[in-house]
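Numbering (this note's numbering), first residue to last: 84 to 328.
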Amino acid sequence: MAQRSLQMIRPIEVRSATAMVTERLEALILDGSLRPGDQLPAEPELAAALGVGRSTVREAKKSLIARGLVESRGRLGTYVLAPSTDDSDLPALRDLLADPALVDLHESRQIIEVAAIRLAAERITNEEVAELFAILDQIGADIGSQDDVWFRLLSFHRNLVRASGNRVLVSVFDLIAHLLKKHQMPFYGSVAQLRSDLSSHRGLVALVARHDPDAAATEMHEHLDQSEQARQSALDKVRTWNDRS
Numbered sequence: 084m085a086q087r088s089l090q091m092i093r094p095i096e097v098r099s100a101t102a103m104v105t106e107r108l109e110a111l112i113l114d115g116s117l118r119p120g121d122q123l124p125a126e127p128e129l130a131a132a133l134g135v136g137r138s139t140v141r142e143a144k145k146s147l148i149a150r151g152l153v154e155s156r157g158r159l160g161t162y163v164l165a166p167s168t169d170d171s172d173l174p175a176l177r178d179l180l181a182d183p184a185l186v187d188l189h190e191s192r193q194i195i196e197v198a199a200i201r202l203a204a205e206r207i208t209n210e211e212v213a214e215l216f217a218i219l220d221q222i223g224a225d226i227g228s229q230d231d232v233w234f235r236l237l238s239f240h241r242n243l244v245r246a247s248g249n250r251v252l253v254s255v256f257d258l259i260a261h262l263l264k265k266h267q268m269p270f271y272g273s274v275a276q277l278r279s280d281l282s283s284h285r286g287l288v289a290l291v292a293r294h295d296p297d298a299a300a301t302e303m304h305e306h307l308d309q310s311e312q313a314r315q316s317a318l319d320k321v322r323t324w325n326d327r328s
């Protein structure tokens, strides 16, 4: 009996404070809480907030720098970086693009957003149409800043779901958006074709404004499929480049 009990007991994982701080900061970067261009708080502030010593924070920052998530700019401080698309960092980009969660996210978006846009086409108000076009106009004005564009596109899709008038769909989309920030945002700038994406989004609003549920649902399905195909195409290219290197 005692022997069988021992077989069920697993060793306790003892993790260093540095590893835990690194993981905490990495999570904030990958879920979009800390955006590219944001400055990390100074070491004393981070140490106090995390309840660790400054040396622990310093080692965690070194780890993040080595992984290309942040960079030190000397006296100016440490800043969050956008994901690298250099050939030297192809394995990291490949891993981001091949994340299994992305397939589930694509399927979930097809279920939620296609249903939502069908309802939105029946219920949307003129004010909501104007709001959606305003978001796209702002994206067009800021198209050179991919990081801001990404968050505005998420806001656009949320507003489109909200126009369905179904609060449960909005809550589900908020969960999806959180996962998109974690799993898709790190490589978004590497695969996005922002100008064509902007045109595609305008087409969605135009169909919703026409109150055409079938056409809007079909367009959303194709829009999401094109996004998934872009990811797959980028992954194929990265794998090819990696095989050649």
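The C-beta atom is built at its ideal place from N, Cα and C for all residues, glycine as well.
In this text the structure is predicted, and so the values were computed from the model without any measurement.
Buried/exposed call for Q267, threshold 16 Cβ in 10 Å: buried
Could you name the residues of the same chain whose beta carbon sits closer than 7 Å to that of V232, not counting the 5 residues immediately before and after it, in chain order? I222, D225, I226 and L277
Kindly confirm or deny that the stretch 301-311 and the stretch 209-217 touch, where touching means at least three C-beta pairs closer than 8 Å. no
Please name the residue, chosen from S155, P124 and P183, that lies closest to K265 on a Cα-to-Cα basis. P183
Limits of the beta strand (DSSP E) - the one that V153 falls within: V153 to S155
Can we say the stretch 197-204 touches the stretch 287-298, given the rule of at least three CB pairs closer than 8 Å? yes
Pick out the complete alpha helix (DSSP H) segments inside the stretch 205-236, 4 residues or longer, and give them in chain order. 209-224
Integer Cβ distance of T139 from A100, believed to fall under 8 Å: 5 Å
Reduced DSSP category for V163 - H, G, I as helix; E, B as strand; rest coil: strand
Given this structure, state the Cα-to-Cα distance separating F234 from E126, to the nearest angstrom. 28 Å
Any 3 or more C-beta pairs closer than 8 Å across the stretch 185-200 and the stretch 240-254: yes
List in chain order: all unbroken alpha helix (DSSP H) runs of 4+ residues lying wholly within the stretch 275-309. 277-292
Quick one: measure Cβ to Cβ for L147 and L108, integer angstroms, because I've assumed they're closer than 8 Å. 6 Å
Are T105 and A143 touching if we call contact CB-CB under 7 Å? yes
Which residue marks the beginning of the alpha helix (DSSP H) containing R137, and which one marks its end? R137 to A149
Any idea which residues DSSP pairs L122 with across the strands? Position check: residue 122 holds Gln in this sequence, whereas Leu was assumed. For Q122, which the question treats as bridged, DSSP gives the partners Y162.
S191 versus V163: straight-line alpha-carbon distance, rounded: 30 Å
Should G115 be labelled buried (16 or more other beta-carbon atoms within 10 Å of its own) or exposed? buried
Going straight from the alpha carbon of D280 to that of A217, what length do you get? 16 Å
If we call anything under 7 Å between Cβ atoms a contact, is L185 one with V288? no
Run of the alpha helix (DSSP H) containing A181, from where it starts to where it stops: First-last for A181: undefined, no H or E at that position.
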